[in-house]
Amino acid sequence: MIVELGHLALVLAFALAVVQSIVPIWGTFSGDRRLMATADTSSLGILFFVTLSFGALMWSYAVSDFSVVNVWQNSHSQMPFLFKLTGTWGNHEGSMLLWVFILALFAAAVSLFGSALPPSLRANVQGVQAWLLATFLLFILLTSNPFARQEAALEGQDLNPILQDIGLAIHPPMLYLGYVGFSITFAFAIAALIDGKIDSAWARWVRPWTFIAWTFLTAGISMGSYWAYYELGWGGWWFWDPVENASFLPWLSGTALLHSALVMEKRDALKIWTVLLAILTFSLSLLGTFLVRSGVLTSVHTFASDPTRGLFILAILSAFVGGALFLFILRSSRLEAGGLFAPVSREGALVFNNLILSAAAATVLIGTLYPVVYEAFTDAKISVGAPFFNLTFGLVMIPLLIAVPFGPLLAWKRGDLLGISQRLMFAFLAAILVIILTGAFTQKGQWLAPLGVGLAVWLMVGSFAEVIQRAGLRKATLAVASRRLAGLPRSVWATALAHCGIGVTLLGIVCVTAFETETITVLKPAESVVVGEFSLRHEGYASRTADNYSERSARISIFKSGEIVAVGTPSKRFFPARQMPTSEASIHTFGFSQLYLALGDVEGDGNVTLRIWWKPMILLIWLGTVIMVIAGVISLSDRRLRIGAPARRKSKGKAASHA
Amino acid sequence: MNRRTNRLMWIAVVGCVMALAIGLSMYALRSGISFAMSPSELKAASVEPGQRIRLFGLVEQGSVKKGEGLNVKFTLTDPEEAVVVEFNKILPDLFREGQGIITEGSLAADGVFRADTVLAKHDENYMPADMAEKLKQQGVWKGEEGAGK
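Here is the structure:
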C-alpha cells in the first residue's frame, strides 16, 4: 500500500510540476501577481509529494519488501540497517529519485528564502525549475519506475558489496546537492534571459546559490575520492574516470562562475559571460548524468545501461542545453557592455581565472568525450588514460595557481603589480626556501617535486597576504591588529581560506605523487618485510563471519624503530548473495601520512601476497578540500551574501560602497 | 584604451589560450590513448612493440599459471584467437578463470602481452558492449544475464 502511495505521490508531483511550468511564467507575461505567487505554494507541494515518494521507497528498503523489484535487486534482509536505508539511492531508479528530490528542494528553497527577489524573477526561476522537475519526473515515471512490483521473493539479491559502506550514506547526497544544485543557477540565468533584466543585482542574487552548490559539490567530490581510496583497495585517490570527470567539469565551471559573478556584481561587467557560465555549468551536470546512465562510456560508476534511458536523457540534454543557448543568443545582444578595466586589475585577474578554468575544463572534456567521438568515426575503441589528463590539465592549471595570490590584492579597474609583488615577497621567499630544502632531500634530476612543493607553499602563504595587509599586521600593535582581524569582512577570510585550501590539496598531491612507495611482497606467517622506516611482521590469519559476508584477514604487526606502533588486519570478504569478493584495506595514519596495506590471495601453503604503500602527506589532499568547504560556509554566513539579499535599488548602493 | 581595442585585445587573449589548450590536448592525445582490442583484433592488427593497448577477453579455463613471487601467466581468448598475458602485481578480487576481463599493457617482441593493469568486474559493464554480444552469440558468456537491470 505504501509503495503504491509512493508511486501516486510521484504522479501528483509531476502534475503539480506541469502546472508550475506554465502558470507562474504566464503570470509574468500577463503581469498577474496572483498567478506568479502560485509557484510559492506549488513548489512546496512538489517537495511534499517527492519527499513522500522518496520516503515510501526508503520505507520499503527499511522493511526489506522484496515484492518491489528495485528493493529485491539491491537489498538483502541480513544487511545492517544503515546500508538498507542508503541502498535506496545505490541504484539507478533510487538515485534518480534523489536527483529529483534535490531539484524539488532547491525550488522550495527559492519559495521560502527568496522573498527579497523581484516577483517576476522569482516566478520565472520557479517556472524554469519546474520544467526540469516535470521532465525528470516524467523520465522516472516512464523509464525508471522504482515502485514496480513483482511476486514477492524470499530473499533479495544484495547490494553491491562495494556500496555497503558509510561512504554511500554521504557521497551521493552531497554530490547531488552540488551537481543538481547548479540547476538553480541555470534557472536564474534562463529566468533573467526571459525577463530581459540582467544587471549587478542579478549577480548578487545568484552568488549565494552558486556558493551553496559549489560547497556541496566540493565536499561531495572530495568524499567520493576518499571513499574510492580506502574502499577499492588500489590505493588511488583519483582515476580520471569518465564519471569522476563528469562531476569535476561542473566544479571547474562552477568555480569560474563564482569568480565571474563577483565581477558582475561589483563592476557590472562580464554579464554575457556570467550568464553563459551559469547555463554551461548545469549543462555539464546534465552531460554527466547522461554519461553515467547511458552506458556510452565504460566506467566503474556506470549503472546497468538501458538504451531507452540513454536516448531519453540525451533528448533532455539537447532540449535544455539547446533551448538555453538559443535563448541566450537571442537575448545576449541586448546586454550592454559594463565598465572598462585595464588588463592588470582585479577584473583582469578574475577574467584570467575564468580563462584558465575554461581551458582546463575544455581539456578534461576533450579527454572524456574523445573515445565516444573516435568510436563513432572509426569504429575502433580507445581509452584516454591518466597520462593525458595529468599532462594537459596539469600544464594548463599552473599559470592560474601561480597567479592566485595576486588576485585579491589587485585594485579594481587598474592594479599596481609592482606594489603587490612587494607585498607578496614574503610568500615568494618562503616558496624559494622550501624549494631549496625539498631539493636537498630529493634525488638529483627530480626537479618537478621541489617546484611543486614550492608552488603549494606559495599558494598557502600568499593567500593570506590580503588578510595581513588589511589588518596592518606589520605596523600595528598586536591588540589593534587582532581587533582589525576580527573586524574583517567574512568574504576576505573565505577567499584566503579557499585559496589556501587549494595550496594544501596541491601539497598533498605533489608529495604523494613524488614520494609514495609501493612494495609488493609474498609473506608467510612469522616472516617480516621492511618498508621505509617500518618493519611489518605477518602474525597469522583470522576468520570471522558477519551477517551477510564471511571474512578472512591477516594480522600484520607494524614496527617502527623496534617498537610496535600498530596492528593491521587487511582482509578479504566474500558476499555469498552476489558471489562476490571484496578487499578491505588496512590503513594506518602517521601525522598526515598513511601506511596502506592490501591483501592478495592466500595460497594453500600459507603464503599471502601483500601490497604495501607508503602515502606521504596524502591526508592533505582531503584536508585542503575541507578547508575549501569551510571557506564556502564562511562566505555564505557573510551578511552581504544572504540568500534573501536586499532589493535591487538598495543593493546597488551597497555594491558601490564596497567596490 | 578605448572600448574597441580593449575588446579586441581580450578576444585575442582568449583565442590564444583556448588554441593552446586544444593544441596541447591534441598533442597529448597522440600518445595518451590506448586502443581496446580482442585477441583476434590484436593478431590481425600490426602493433608496434611498446604501444599501449587494452586487451579484453575471457580468461581461458585452466590457463592460469603462477610463477615466481607474484608473477602470473594466463591466456586470454575471444575465443577464436588466444594471447598469453603476463602480469606481476596482485590480481583483482574478481579475477577468475572463465571470467571476462580487461588488461592494459603492451605486446612484447616474444608475442607475450605484458600487462600492468588487470580490471575485472562481475558483469558486462566492464566489457565493451559488442564484445559481450559476440560472446553471448557464441554461448560462452558466463555473466548473470538480466541481473541488476
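Protein sequences, first through last, are from chains F and B. Everything in the first sequence is counted per our numbering, starting at 383 for the first residue and increasing by one. Everything in the second sequence is counted per our numbering, starting at 27 for the first residue and increasing by one. Where is the CB? At the ideal position from N, CA and C, for every residue including glycine. Since the structure is predicted, the reported quantities are computational estimates derived from the model, not experimental observations.
- For the pair of segments examined, the stretch 744-763 of chain F was found not to touch the stretch 689-709 of chain F: the number of CB pairs separated by less than 8 Å stays below three.
- Counting along the chain, glycine 670(F) sits inside no beta strand (DSSP E); it lies in the alpha helix (DSSP H) bounded by residues 653-676.
- The beta-carbon distance between isoleucine 79(B) and leucine 68(B), rounded to whole angstroms, is 7 Å. This is short enough to meet the 8 Å contact definition.
- Taking CB atoms only, proline 769(F) has a neighbour in chain B less than 8 Å away.
- It is roughly 12 Å from the alpha-carbon of phenylalanine 411(F) to the alpha-carbon of glycine 578(F).
- Here methionine 999(F) is buried. Its C-beta has 16 or more other C-beta atoms within 10 Å.
- Of all residues in the stretch 57-71 of chain B, only Gly58, Ile59, Ser60, Phe61, Ala62 come within less than 7 Å of chain F when Cβ atoms are compared, listed by chain position.
- For a cut-off of 8 Å, the C-beta gap from leucine 392(F) to leucine 523(F) is around 6 Å, short enough to register as a contact.
- Across the stretch 94-110 of chain B, CB contacts with chain F closer than 8 Å involve Gly95, Leu96, in sequence order along the chain.
- DSSP lists no beta-bridge partner residue for isoleucine 884(F).
- With a threshold of 8 Å between beta carbons, isoleucine 127(B) makes no contact with chain F.
- In this structure, the CA atom of leucine 34(B) is about 13 Å from the CA atom of leucine 722(F).
- For alanine 744(F), the nearest CB of chain B lies under 8 Å from its own CB, placing it at the interface with that chain.
- Excluding the 5 residues flanking it on each side, alanine 505(F) has same chain C-beta neighbours closer than 7 Å at Pro406, Ile407, Gly409, Thr410, Met418, Ala421, in chain order.
- Secondary structure at leucine 860(F): helix, using DSSP grouped into helix, strand and coil.
- Residues of chain B with a Cβ closer than 7 Å to the Cβ of arginine 993(F) are, in chain order, Ile116.
- When the five nearest sequence neighbours on each side are left out, the beta carbons in the same chain lying within less than 7 Å of the beta carbon of glycine 883(F) are those of Gly1006, Thr1007, Ile1009, Met1010, Ala1013, in order along the chain.
- For threonine 410(F), the uninterrupted alpha helix (DSSP H) run begins and ends at 384-412, by DSSP.
- Cβ contact annotation for leucine 1001(F) (same chain, cutoff 6 Å, sequence separation greater than five): Phe974, in chain order.
- DSSP, reduced to helix, strand and coil, places arginine 926(F) within a strand of the structure shown.
- Per the coordinates, the alpha-carbon of glycine 704(F) lies some 48 Å from the alpha-carbon of threonine 899(F).
- Within the DSSP secondary-structure output, histidine 458(F) pairs in no beta bridge.
- The beta-carbon of valine 766(F) is placed less than 8 Å from the nearest beta-carbon of chain B.
- By the Cβ-count criterion, glycine 789(F) is buried, with 16 or more other Cβ atoms from all chains shown falling within 10 Å of its own Cβ.
- Sixteen is the threshold: when 16 or more other Cβ atoms of the shown chains lie within 10 Å of the Cβ of threonine 903(F), as they do, the residue is buried.
- In the DSSP assignment, lysine 648(F) falls outside any beta strand (DSSP E) and within the unbroken alpha helix (DSSP H) covering 624-649.
- Partner residues in the beta bridge of proline 963(F), as assigned by DSSP, are Phe956(F).
- As DSSP reads the structure, threonine 899(F) sits in a beta bridge with Trp996(F).
- Using a CB distance cut-off of 8 Å, isoleucine 37(B) does not count as an interface residue toward chain F.
- Histidine 881(F) places its beta carbon less than 8 Å from that of leucine 841(F).
- The beta carbon of phenylalanine 521(F) lies closer than 6 Å to those of Phe694 in the same chain, with the five residues before and after it left out.
- Comparing alpha carbon positions, the residue from Trp616(F), Ala585(F), Ser526(F), Phe672(F) closest to serine 629(F) is Phe672(F).
- When DSSP states are grouped into helix, strand and coil, glutamate 909(F) belongs to the coil group.
- Put simply, the CB of leucine 669(F) is far from chain B, with every gap to its CB atoms at 8 Å or more.
- Secondary structure note for glutamine 976(F): its beta strand (DSSP E) is the uninterrupted segment 975-984.
- Closest option to aspartate 136(B), judged by alpha-carbon separation, among Phe100(B), Gln125(B), Val110(B), Ile127(B): Val110(B).
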